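Sequence lines, in order, name chains A and B. Note that our numbering has the first sequence beginning at 11, numbered continuously upward. Note that our numbering has the second sequence beginning at 11, numbered continuously upward.
Number of protein chains: 2
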Amino acid sequence: MKSLSVAVAGLGTVGREAVRLLRARRAELRERLGAELVLTAVADRDAAREARALGLPPSVARFRDPFEMIRRADPALCVELLGGLEAPRRLAALVLGRGGVLVTANKRLLAHDWPRLAGAARRSGARLAFEGSVAGGIPILRALELSLSGDRLLGLDAILNGTTNYVLTRCEEGLSAAAALAEAQALGFAERDPSLDLSGGDAAQKLTVLTGLATGGWLAPGSFPVDGIRAVETRDAAFARERLGRAVRLVASLRLSGPPSAPRAEAGVFPTLVPLDHPLASVRRQRNALLIRTASAGDLLFSGEGAGAAPTASAVLADLFVTARDLLGGLPAPRPAPRRLEIVPPDEAVSAFYLRVEAADRPGVLAAVAGALGRERVSIASIHQEPARGRAASVTITTHPSPRALFERARRRILALPAVSRRHCAMRMLA
Amino acid sequence: MKSLSVAVAGLGTVGREAVRLLRARRAELRERLGAELVLTAVADRDAAREARALGLPPSVARFRDPFEMIRRADPALCVELLGGLEAPRRLAALVLGRGGVLVTANKRLLAHDWPRLAGAARRSGARLAFEGSVAGGIPILRALELSLSGDRLLGLDAILNGTTNYVLTRCEEGLSAAAALAEAQALGFAERDPSLDLSGGDAAQKLTVLTGLATGGWLAPGSFPVDGIRAVETRDAAFARERLGRAVRLVASLRLSGPPSAPRAEAGVFPTLVPLDHPLASVRRQRNALLIRTASAGDLLFSGEGAGAAPTASAVLADLFVTARDLLGGLPAPRPAPRRLEIVPPDEAVSAFYLRVEAADRPGVLAAVAGALGRERVSIASIHQEPARGRAASVTITTHPSPRALFERARRRILALPAVSRRHCAMRMLA
């Protein structure tokens with residue numbers, strides 16, 4: 011029986027769990043693969059200690075330096091779970107440059123280096139697998155590559171960040187955003203520094219990976235609008251539920267148009283009001299979900315744990331298995347060729363909007379706010395004014411569908427009104 | 011560039027749509043596959059007419075007889091969409107016997123002939139793909155084969171039949187079961203003869219396919235309990251929602267235990283009360299959904315259109331693509347070896363139950379019903395008695411978790427009471 015060597019760089023929680031699973035599932039993997047996946051090396055700052063704790067046999071070489079591991083152990087498959095950007099970037103260059111196999115769960119690396127990684131793999135015949143980089147254990151990337159290979163992806167709406175979903179769904183239950191975040195941190199669902207999550211940046215990186223896999227094109231970080239949940243307050247969640255029959259979710263959206271050879275993408279990450287009977291409204295706490303719109307299979311919903319050591323390790327094992335199969339058969343990854351992605355100017359995107367502003371409680375303010383929208387031809391669906399709290403009253407507006415450019419101009423006009431404070435919350439509304 | 015010939019047997023709605031997609035997606039499939047999938051032959055009673063209607067070029071051979079098509083066109087991949095059992099069975103034997111590739115969406119064939127088909131494929135090196143046989147366009151089979159290859163399936167709870175889900179969710183909205191079924195038929199979501207759907211038999215066949223793929227073992231039709239929705243009435247749905255906070259769904263369940271080399275399965279299809287916040291409760295109308303429980307990735311939910319020409323054709327295309335890749339690489343399907351499946355005696359399965367009976371409205375009946383349960387040591391969670399309608403009153407009981415054997419004995423005792431009519435509704439309750 012053939013055997014393929016596997017090396018794991020980075021023995022953090024995911025790395026340790028991947029090593030554990032690789033050894034625990036050895037017999038089943040061998041049966042289904044018709045070949046053996048053999049762990050031959052690990053690399054970690056504390057490789058010796060971690061290897062002992064994992065009970066690894068002496069046949070598994072220990073390295074402090076992952077680059078030395080690649081050069082000396084020369085594994086058939088390399089799992090990269092180092093964290094950060096610079097070391098993974100160098101390791102990816104080394105492995106892909108040699109025509110090897112890199113399995114990674116590093117969405118940041120993929121989002122930033124997508125064209126470079128795809129190019130390096132193409133030049134050297136190397137392979138790159140990254141199921142664990144998006145939505146943890148939810149097998150969405152393989153579905154896009156294989157299961158929807160004969161279908162056409164029209165778009166997706168997805169909850170791709172567990173931290174923000176935890177915070178938003180706890181706000182729905184009445185907690186303040188700060189208390190919800192503290193709770194998520196205590197439970198291990200949020201980082202000590204949650205900026206990348208709260209800003210929408212983490213979800214945006216995952217949207218780049220999904221788009222790259224679906225189209226072959228690069229949705230470069232910074233090339234599409236990204237907004238987080240910092241402005242969303244518990245009262246917005248309450249208002250949305252009680253008055254609008256909606257839930258607040260941080261939704262990463264993609265709409266594809268044009269032929270596959272010249273794809274156009276409308277992409278963005280926004281705090282979004284979804285109807286309570288929308289599939290994303292029932293996704294709670296740290297769970298992730300993707301609503302995938304296809305031409306033939308219709309709307310498909312995938313949901314599950316979006317992060318965590320065990321789900322991510324499950325995805326890493328699947329990557330090892332599937333890539334090892336392809337390697338044994340000499341098959342390249344079933345991906346679209348690299349191509350230029352045309353990004354639809356975000357200002358052209360049409361949707362309904364929600365806007366809450368704080369205004370001095372004096373006559374004429376509501377009329378001035380409504381007037382600002384009218385001047386930009388944004389049609390108002392509803393206005394609510396809450397009784398004043400102290401000196402300020404909340405004015406909450408929903409609009410009919412409107413191009414984002416017009417809404418943004420109206421928002422600037424409103425925030426420039428002397429009676430209106432800068433602090434406000436704007437959200438998109440999904441039909 | 012290599013090319014692989016494809017022949018389609020059966021040009022019904024799914025067959026026509028598969029042919030259309032195969033031709034429409036030719037360029038993308040070629041790019042991702044690195045080879046060409048070329049339609050070379052079709053077989054249908056009306057092959058000539060259908061081929062004309064589809065605009066097929068003269069290079070595509072037309073056959074009235076699918077067996078002749080296989081012998082004469084000798085395709086690399088054969089798509090079987092004939093319908094029925096005997097013709098597909100003979101075609102499968104022919105194709106697999108020659109070491110060919112069979113893509114089918116025929117769950118009945120798979121459920122009945124699982125060991126024979128698996129054996130024939132193993133002997134001849136043939137390939138068999140059947141994503142379209144379970145849950146339409148939801149890519150669940152590939153997920154089990156590939157994406158969860160490094161994980162362990164613990165079990166699943168699934169809505170696998172669109173007809174019954176349509177009927178049950180319309181009953182929830184107040185329609186009678188008969189009116190809901192008529193509506194489903196008018197909309198094309200139910201067959202003219204819906205017996206196989208209403209009896210749970212269709213869902214059971216799909217459960218056999220899922221179990222076979224997950225374990226390598228055969229959950230033979232008839233070897234596990236199957237109950238349908240014929241006894242469920244609109245008032246059961248109303249009672250469940252209002253008094254129990256639950257929804258009625260026809261749920262196919264599988265619990266796996268034991269090592270992968272000697273799997274034990276507890277399997278069944280039952281009308282089931284699920285809590286309103288359970289993921290299956292929000293699956294409405296003709297949609298299907300699978301809640302997959304895994305050791306590492308946690309609970310995964312897949313949901314989408316469970317049937318229909320376009321979703322099934324999408325699955326057929328994915329099968330063609332993935333099997334063609336494997337064929338090009340010389341890789342066998344990544345399935346567990348055939349093995350004996352130990353089926354847990356259904357009487358040992360423990361769950362809570364719901365029972366509604368019609369009883370004469372006279373003193374002592376409720377006590378007699380309660381007594382029958384007590385005698386079998388089935389602990390009662392609640393009893394409701396509805397005001398009499400005519401001469402009979404409804405008595406609705408929920409139990410605490412109890413082995414099915416005891417509940418069944420108590421049910422027989424209750425139905426044997428002189429004051430109780432035979433017509434009744436029994437359901438399982440999911441935690």
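Glycine residues also receive a C-beta, built at the ideal position from the N, C-alpha and C atoms. All values reported here derive from a predicted model rather than from experimental measurement.
Beta-carbon of Val-354 (chain A) versus every beta-carbon of chain B: anything under 7 Å? Cβ-Cβ to chain B under 7 Å: no for Val-354 (chain A).
Cβ of Arg-42 (chain B) within 7 Å of any chain A Cβ: For Arg-42 (chain B), the answer is yes, since a Cβ of chain A falls inside 7 Å of its Cβ.
Please classify His-288 (chain A) as buried or exposed, where buried requires at least 16 other C-beta atoms within 10 Å of its C-beta. Classification of His-288 (chain A): buried, given that the 10 Å Cβ count is 16 or more.
C-beta neighbour in chain A for Gly-340 (chain B), strict 7 Å: At least one chain A Cβ lies under 7 Å of Gly-340 (chain B).
The stretch 394-412 of chain B / the stretch 355-367 of chain B touching (three or more Cβ pairs under 8 Å): The stretch 394-412 of chain B vs the stretch 355-367 of chain B: in contact.
Which class does Arg-42 (chain B) belong to by DSSP, given the choice of helix, strand or coil? It is helical.
Bridge-paired residues (DSSP) for Leu-314 (chain A): A small correction: the amino acid at residue 314 (chain A) is Gly; Leu does not occupy that position in the sequence shown. Per DSSP, A:Asn-298.
With a threshold of 7 Å between beta carbons, is Ser-392 (chain A) in contact with chain B? Not an interface residue.
With a threshold of 8 Å on Cβ separation, who are the neighbours of Leu-376 (chain B) within its own chain once the five nearest residues in sequence on each side are excluded? Ala-369, Ile-393, Gln-395 and Val-405, listed in sequence order.
For the alpha helix (DSSP H) containing Ala-128 (chain B), list its first residue and its last residue. Start and end: 117-134.
How many Å lie between Ala-86 (chain B) and Met-11 (chain B) at the Cα? Ala-86 (chain B) and Met-11 (chain B): Cα-Cα distance of roughly 16 Å.
Kindly indicate which residue of A:Arg-137, A:Gly-339 and A:Arg-419 has the alpha-carbon position closest to the one of Val-105 (chain A). Val-105 (chain A) has its Cα closest to that of A:Arg-137, out of A:Arg-137, A:Gly-339 and A:Arg-419.
Could you name the residues of the same chain whose beta carbon sits closer than 8 Å to that of Ser-159 (chain B), not counting the 5 residues immediately before and after it, in chain order? Setting aside the 5 residues that flank it on each side, Ser-159 (chain B) is surrounded in the same chain by Pro-344, each with a C-beta closer than 8 Å to its C-beta; the list follows chain order.
Leaving out the 5 sequence neighbours to the left and right, which residues in its chain are closer than 8 Å to Ala-291 (chain B) when beta-carbon positions are compared? Once the five neighbours on either side are set aside, the close Cβ partners of Ala-291 (chain B) are Arg-256, Ala-257, Arg-259, Val-284 and Pro-285.
Residue range of the beta strand (DSSP E) that includes Arg-259 (chain A): For Arg-259 (chain A), the enclosing beta strand (DSSP E) covers residues 256-267.
Using a beta-carbon distance cut-off of less than 9 Å, what residues from the stretch 155-189 of chain A approach chain B? Within the stretch 155-189 of chain A, the residues whose Cβ lies closer than 9 Å to some Cβ of chain B are Glu-155, Leu-156, Ser-157, Leu-158, Ser-159, Gly-160, Asp-161 and Arg-162, listed in chain order.
Would you mind telling me which residues of chain A sit closer than 8 Å to Ala-153 (chain B), beta carbon to beta carbon, in chain order? Going along chain A in sequence order, the residues near Ala-153 (chain B) (Cβ under 8 Å) are Pro-149, Arg-152, Ala-153 and Ser-157.
Quick check: Asp-161 (chain B) and Ala-347 (chain B), are their CB atoms within less than 7 Å of each other? No. Outside cutoff.
Hey, quick one: how far does the alpha helix (DSSP H) through Asp-207 (chain A) stretch, first residue to last? Segment 205-208, the alpha helix (DSSP H) holding Asp-207 (chain A).
If we define contact as Cβ-Cβ less than 7 Å, is Phe-77 (chain B) a contact residue for chain A? Taking Cβ atoms only, chain A never reaches closer than 7 Å to Phe-77 (chain B), which makes this a no.
What's the call for Arg-253 (chain A), buried or exposed, on a 16-neighbour Cβ count within 10 Å? Its Cβ having fewer than 16 others within 10 Å, Arg-253 (chain A) is exposed.
Where the stretch 401-415 of chain B meets chain A: residues whose CB sits under 8 Å from a CB there: Listed in sequence order: no entries.
Range covered by the beta strand (DSSP E) that runs through Val-165 (chain B): Correcting the residue identity first, residue 165 (chain B) is Gly in this sequence and not Val. Under the DSSP assignment, Gly-165 (chain B) falls in the beta strand (DSSP E) whose first and last residues are 163-169.
Between Gly-308 (chain B) and chain C, is the shortest Cβ-Cβ distance under 7 Å, so that the two count as touching? Absent from the structure is chain C; the protein chains it does hold are A and B.
Residues of the stretch 197-226 of chain A whose Cβ lies closer than 7 Å to any Cβ of chain B, in chain order: If the cut-off is 7 Å between Cβ atoms, the stretch 197-226 of chain A has nothing near chain B.
Strictly below 8 Å CB to CB, what residues from chain A border Ala-328 (chain B)? Those within 8 Å of Ala-328 (chain B) in chain A are Leu-156, Ser-157, Leu-158, Ser-159, Gly-160 and Asp-161.
Evaluate Ser-13 (chain B) with the Cβ neighbour count: other Cβ atoms within 10 Å of its Cβ, from every protein chain shown; 16 or more gives buried, anything less gives exposed. Burial call: exposed.
Chain B residues whose Cβ lies nearer than 9 Å to that of Glu-90 (chain A): Result: empty, since nearest Cβ-Cβ is about 17 Å, beyond 9 Å.
Got a sec: is the Cβ-Cβ distance from Gly-22 (chain B) to anything in chain A below 7 Å? Answer no: the Cβ-Cβ gap between Gly-22 (chain B) and chain A never drops below 7 Å.
Determine the extent of the alpha helix (DSSP H) in which Glu-193 (chain A) is found, giving its start and end residues. First-last of the alpha helix (DSSP H) with Glu-193 (chain A): 187-196.
In this structure, how does DSSP classify Glu-182 (chain A) when only helix, strand and coil are distinguished? Under the three-state reduction of DSSP, Glu-182 (chain A) is assigned to helix.
Can you list the residues of chain B that Glu-315 (chain A) reaches, using a CB-CB cut of under 9 Å? Listed by position along chain B, the residues whose Cβ is nearer than 9 Å to that of Glu-315 (chain A) are Ala-307, Gly-308, Asp-309 and Leu-310.
Which of the residues in the stretch 30-55 of chain B, read from start to end, lie with their CB under 8 Å from any CB of chain A? For the stretch 30-55 of chain B, residues whose beta-carbon sits nearer than 8 Å to a beta-carbon of chain A comprise Leu-31, Leu-32, Arg-35, Ala-37, Glu-38, Leu-39, Glu-41, Arg-42, Leu-43 and Gly-44.
Assuming Thr-328 (chain B) and Ser-157 (chain A) make a contact with CB atoms under 8 Å, what is their CB distance in whole Å? Position check: residue 328 (chain B) holds Ala in this sequence, whereas Thr was assumed. Between Ala-328 (chain B) and Ser-157 (chain A), the beta carbon gap of about 5 Å places them in contact (Cβ cut-off 8 Å).
Sub-7 Å separation of Thr-225 (chain A) and Pro-273 (chain A) beta-carbons: In contact: Thr-225 (chain A) and Pro-273 (chain A) (Cβ atoms closer than 7 Å).
Identify which residue in A:Arg-35, A:Arg-414 and A:Leu-101 has its Cα closest to the Cα of Ala-53 (chain A). Restricting attention to A:Arg-35, A:Arg-414 and A:Leu-101, the CA atom closest to the CA of Ala-53 (chain A) is found in A:Leu-101.
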